[in-house]
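Peer 1: First the structure, then my questions, so here it is.
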Amino acid sequence: MPQQPAQPLLEIDRLTRVFLSRQGLSVTRLEAVDDASLTLEAGKPEIYALAGESGSGKTTLARMVLGLERPTQGTLNYKGRPVGDLTPKDKRTWFYREVQPVFQDPFATFSPMKRVDSYLYETARNYRVAEGAAIEKRIDEALGVVGLTLAEVRGRYPNELSGGQAQRISIARALITRPSLLVADEPVSMLDASLRMSILNLFKDLRDSQGVAVLYITHDLATAYYTADRIGVMLRGWIVETGPVERVLGNPLHPYTQLLKSSVPQADPDKAWSAAPAEPPRPVKFPVSGGCKFAARCPYVMDRCRQEIPGSYEAEGRHVKCFLYEPGFSGVRPTAEAVP
């Protein structure tokens, strides 16, 4: 019999998460994630960055991947199994061993009154990854991957650690279960520049040497460009441009991606810099007929953009959610400088 193709590691198809807010008799609908799609293939570990402004839906999408938020509609499968349908036992004995989080603030991960090595032992015991003396070996192996040893961290409290050490221990804790996927939500935003590079290089090493895929959530295009293999740029719940990071950030096609790139300061005194125009207050009430969520800020807006929702069109090796790249479009398309 022919061998069945492997299920994708992570499959997200037209995923939506709606929050309803009630004030008196008024109900406000907020689509935090709206019709988002992405796939991470099995056996091909990669770093996939989700980038965008604050409030674009990155963290909500990450929480759904972790099983902490239930989708309103759409498909979210891990290794072919719907995450939303997993039982508490499935999550405890399988899913949470396979999919591990790395959070933004490493010091919020640990209680200041508790030794950090106790968290490592608890993780090993709770997930039953080893028994007896083998537990210490498993912990030491995980710490070794991030450049530490159990002897270095044993008995130490969080206030005795640097930010980089705390984040490395947080990552080591996630690695104890030998996961296939790390969901890293702004993992370097609270670290200084030198420590950021060490953590980003660690993610790349985990991909190459351990075969771990990483869903990297960030608002920082520079770290996304340095770290990721592919990127999805999010705007108010939409993924508006997705593809190889060198193409998307090297020559962005969507006007929003171009705006984000132009707002990144450059170390060139001859180039003017201005921040991206402010995002309108959320939530915004769009016309019943729909419309592009970037229409109010887009310099290339057309009448149809205010009335119709654009599809996701293939263009120059990526997908772009913009009418400018609809097959047969004959108007002028925007251009952007390549990354130096």
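In our numbering, the protein residues as written are 2 to 341. For every residue, glycine included, the Cβ atom is placed at its ideal position computed from N, Cα and C. Computed from a predicted model, the values in this text were never measured in an experiment.
Go ahead and pull the three-state DSSP assignment for residue 319.
Peer 2: strand
Peer 1: Please determine if the segment 84–92 and the segment 114–122 are in contact, where contact requires at least 3 C-beta pairs separated by less than 8 Å.
Peer 2: no
Peer 1: Do residue 190 and residue 107 have their C-beta atoms within less than 8 Å of each other?
Peer 2: no
Peer 1: If we call anything under 8 Å between Cβ atoms a contact, is residue 84 one with residue 58?
Peer 2: Taking 8 Å as the cut-off, the beta carbon of residue 84 is found no closer than this to the beta carbon of residue 58.
Peer 1: Just tell me which of 193, 245, 292 and 134 has its CA closest to the CA of residue 237.
Peer 2: Put simply, of 193, 245, 292 and 134 the residue whose alpha carbon is nearest the alpha carbon of residue 237 is 292.
Peer 1: Give me the Cβ distance between residue 165 and residue 112, rounded to the nearest whole Å; I'm assuming they're in contact under 8 Å.
Peer 2: 20 Å between Cβ atoms; not a contact.
Peer 1: List the endpoints of the continuous alpha helix (DSSP H) containing residue 1.
Peer 2: Since the first and last residues shown for the chain are 2 and 341, residue 1 lies out of range.
Peer 1: Can you name the residues that DSSP bridges to residue 214?
Peer 2: The bridge partners DSSP lists for residue 214 are 182.
Peer 1: Taking the CB atoms as reference points, tell me whether residue 203 and residue 147 lie closer together than 8 Å.
Peer 2: The Cβ-Cβ distance between residue 203 and residue 147 falls below 8 Å.
Peer 1: For residue 248, I'd like the list of residues in its chain whose CB is within less than 8 Å of its CB, leaving aside the five on either flank, ordered along the chain.
Peer 2: 317, 318 and 319
Peer 1: Where do the ends of the beta strand (DSSP E) carrying residue 19 lie?
Peer 2: 11–24
Peer 1: Looking at the unbroken beta strand (DSSP E) that takes in residue 30, where does it start and where does it end?
Peer 2: Where residue 30 is concerned, the enclosing beta strand (DSSP E) stretches over 27–41.
Peer 1: Please return the same chain residues whose Cβ sits closer than 6 Å to the Cβ of residue 155, not counting the five positions on each side in sequence.
Peer 2: 118
Peer 1: Closest to residue 79 by C-alpha separation, out of 104, 183 and 235, would be which residue?
Peer 2: Answer by Cα proximity: 183.
Peer 1: Does the Cβ of residue 193 have 16 or more other Cβ atoms within 10 Å, making it buried, or fewer, making it exposed?
Peer 2: The residue is exposed, with fewer than 16 neighbouring Cβ atoms inside 10 Å.
Peer 1: Need the endpoints of the alpha helix (DSSP H) that residue 107 sits in, please.
Peer 2: Taken as a continuous stretch (DSSP letters only), the alpha helix (DSSP H) holding residue 107 covers 107–110.
Peer 1: What span of residues does the beta strand (DSSP E) with residue 75 cover, start to end?
Peer 2: 74–79
Peer 1: Could you pull the start and end residues of the alpha helix (DSSP H) that residue 147 belongs to?
Peer 2: Careful: residue 147 lies outside any alpha helix (DSSP H) and carries neither H nor E.
Peer 1: On the premise that residue 185 lies in contact with residue 352, defined as a C-beta separation below 8 Å, what is that separation, rounded to the nearest angstrom?
Peer 2: In the structure displayed, the chain extends from 2 to 341; residue 352 sits before or after that span and is not available.
Peer 1: Per DSSP, what kind of secondary structure is residue 343 in: helix, strand or coil?
Peer 2: The question about residue 343 has no answer, for the chain in this structure spans 2 to 341.
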